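All remarks here apply to the structure that follows.
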């Protein structure tokens with residue numbers, strides 16, 4: 001796949017689809033033995049589209065979650081994702097976001113590590129509005145698809161709600177005598193026009 005061309009190459013998309021199918025198959029297979037090789041494909045991540053990079057990271061997280069050595073595999077993925085998130089360029093930060101969302105989708109046995117990674121991603125994207133937006137878009141897609149569940153979903157929901165409240169909602173005191181404290185009795189039209197454009201008359205008395 002590494003020699004299959006850039007992200008526009010159909011061979012890359014097909015190859016990733018095959019890997020996804022094999023990784024998701026309930027039938028026993030030896031794909032996990034090739035995890036190290038598959039992870040090496042991340043060296044070519046700059047040639048992948050967002051969808052392709054998401055597929056690749058999803059395969060790696062799924063294999064790690066089902067591996068007998070899943071703890072070590074996930075630890076290595078956490079380190080890699082954090083490394084991406086700490087980089088200053090948008091491309092690597094997006095890879096970190098995709099990796100974080102993949103971990104949230106497939107992390108089952110260690111929700112605390114997944115929650116810590118989510119919090120880290122939030123801090124890493126705080127000063128990058130475009131990446132923060134991308135982060136929330138990917139989270140929304142995962143939640144709507146039912147891929148983020150359980151304790152991790154509750155944590156994501158609560159953290160996001162608290163962040164929104166802290167940054168966008170604020171109570172302002174209303175000064176005594178303010179018009180905001182007065183009841184609005186009625187709305188009066190500034191001008192009356194008939195549908196044909198002629199000046200109309202006030203017909204409120206007929207209601």
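In this note's numbering, the protein residues as written are 1 to 207.
Glycine residues also receive a C-beta, built at the ideal position from the N, C-alpha and C atoms.
The structure displayed is predicted, hence computed values, not measured ones.
Enclosing alpha helix (DSSP H) for residue i [first to last residue]
i, result
"residue 52", "50–66"
"residue 116", "111–124"
"residue 10", "10–24"
"residue 32", "Residue 32 -> no alpha helix (DSSP H), and no H or E assigned at all."
"residue 213", "The displayed coordinates of the chain run from 1 to 207. Any statement about residue 213 would go beyond what the structure contains."
Best match in the options for proximity to residue i [C-alpha to C-alpha]
i, options, result
"residue 149", "116, 133 and 111", "111"
"residue 108", "33, 50, 35 and 153", "153"
"residue 82", "65, 100, 73 and 67", "100"
"residue 47", "113, 10, 75 and 37", "10"
"residue 132", "155, 144 and 164", "164"
"residue 138", "80, 45 and 50", "50"
"residue 31", "114, 59 and 156", "59"
"residue 88", "114, 102, 130 and 118", "130"
"residue 44", "12, 98 and 144", "12"
"residue 117", "90, 91, 141 and 84", "84"
"residue 155", "141, 113 and 128", "113"
"residue 151", "119, 115 and 38", "115"
Close Cβ partners of residue i (< 6 Å) along its chain, the five nearest in sequence each way excluded
i, result
"residue 147", "105"
"residue 73", "64 and 67"
"residue 135", "97 and 125"
"residue 144", "none"
Cβ-heavy atom distance, residue i to the ligand FMN, below 6 Å
i, result
"residue 85", "With respect to small molecules bound, the structure shown includes none, and the ligand FMN cannot be examined in it."
Under the three-state DSSP convention, the category residue i falls into
i, result
"residue 142", "helix"
"residue 128", "coil"
"residue 46", "helix"
"residue 79", "helix"
"residue 148", "coil"
"residue 158", "helix"
"residue 39", "helix"
"residue 204", "In this predicted model, residue 204 has a pLDDT of only 48, less than 50, meaning its place in the structure is not dependable enough to derive any value."
Own chain partners of residue i with C-beta closer than 8 Å, once the 5 adjacent residues on each side are dropped
i, result
"residue 24", "62"
"residue 35", "60, 63, 64, 67 and 73"
Close beta carbons around residue i, own chain, < 7 Å, minus the five adjacent residues each side
i, result
"residue 91", "46"
"residue 140", "none"
Taking 8 Å as the threshold, find out whether the region 123–135 comes into contact with the region 145–160 through three or more Cβ pairs. No, they do not touch.
Contact between the region 44–59 and the region 12–22 (3+ Cβ pairs under 8 Å): Contact between the region 44–59 and the region 12–22 is present: three or more C-beta pairs spanning the two stretches fall below 8 Å.
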